[in-house]
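Novice:
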Amino acid sequence: MNETTSNRVIPNFKCPATNNQLFELNKLKGKRIILYFYPKDNTPGCTTESIEFQELAQQFIQQNTLIFGISRDSLISHEKFKEKYQFSFELLSDEDEKVCEIFDVIKEKNMYGKKYMGIERSTFLLDENGKLVAEWRKVKAKGHAQIILDYISTL
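Using my numbering, you'd call the opening residue of the sequence shown number 32 and step up by one each time.
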């Protein structure tokens, strides 16, 4: 589902990232940013979604767009996930859920009749000035990266 927003400016945030980096939103001005939130490293849907973003990574770069995956997993988990599938983009660790709060992605979920709070698979596109251009919520992993690329191609 695509929902165009009212160009809300996202507040600056910092977050630990793979490759011993510190993600800081304000330092990425001039580039479009994709933040795709996913529930958990090395699970089927999250792996499918991440691999599809990797397969299209060069096309996103050609569109002046950087990709970042984000979940509540630890950096250690992220490093293993990234290395296993050779992702060229960084994964952000939001163990304290501060970034999840900014984007309101923690939702009640239900698995096998058990309710719990977890990340709702969601993607956010920020423009070169850090404004939210579009968001996709309740994302289906398969084919999602292509939908985002197609959308960016129309901008």
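Built from N, CA and C at the ideal position, the CB exists for glycine as well.
Closest to Q177 by CA distance: which of K129, V136, Q90 is it?
Specialist: As a first step, residue 177 must be located in the sequence shown, where it is residue number 146. For the residues K129, V136, Q90, the minimum Cα distance to Q177 belongs to Q90.
Novice: Can you tell me where the alpha helix (DSSP H) with T49 in it begins and where it stops?
Specialist: On the sequence shown, residue 49 is found 18 positions in, with the first residue counted as 1. Careful: T49 lies outside any alpha helix (DSSP H) and carries neither H nor E.
Novice: Shortest alpha-carbon distance to S124 belongs to which of W167, R103, N50, Q52?
Specialist: Here residue 124 refers to the residue found at position 93 of the sequence shown. Answer by Cα proximity: R103.
Novice: When you compare the CB positions of V136 and F44, do they come within less than 8 Å of one another, or not?
Specialist: Here residue 136 is taken as the residue at index 105 of the sequence shown, counted from 1. Here residue 44 is taken as the residue at index 13 of the sequence shown, counted from 1. No, the pair does not count as a contact, with Cβ atoms beyond the cut-off.
Novice: Here's a check: name, in chain order, each residue in its chain whose Cβ is nearer than 8 Å to the Cβ of K60, leaving out the five neighbours to either side.
Specialist: On the sequence shown, residue 60 is found 29 positions in, with the first residue counted as 1. So the qualifying residues of the chain are E159, N160, G161.
Novice: Answer with buried or exposed for R39, where buried requires no fewer than 16 other C-beta atoms within 10 angstroms of its C-beta.
Specialist: Taking the first residue of the sequence shown as position 1, residue 39 is located at position 8. Exposed, because fewer than 16 other Cβ atoms sit within 10 Å of the Cβ of R39.
Novice: Rank S153, Y182, I183 by C-alpha distance to the C-alpha of K171 and give the top, closest one.
Specialist: Here residue 171 is taken as the residue at index 140 of the sequence shown, counted from 1. Residue S153 is the option with its Cα nearest to K171.
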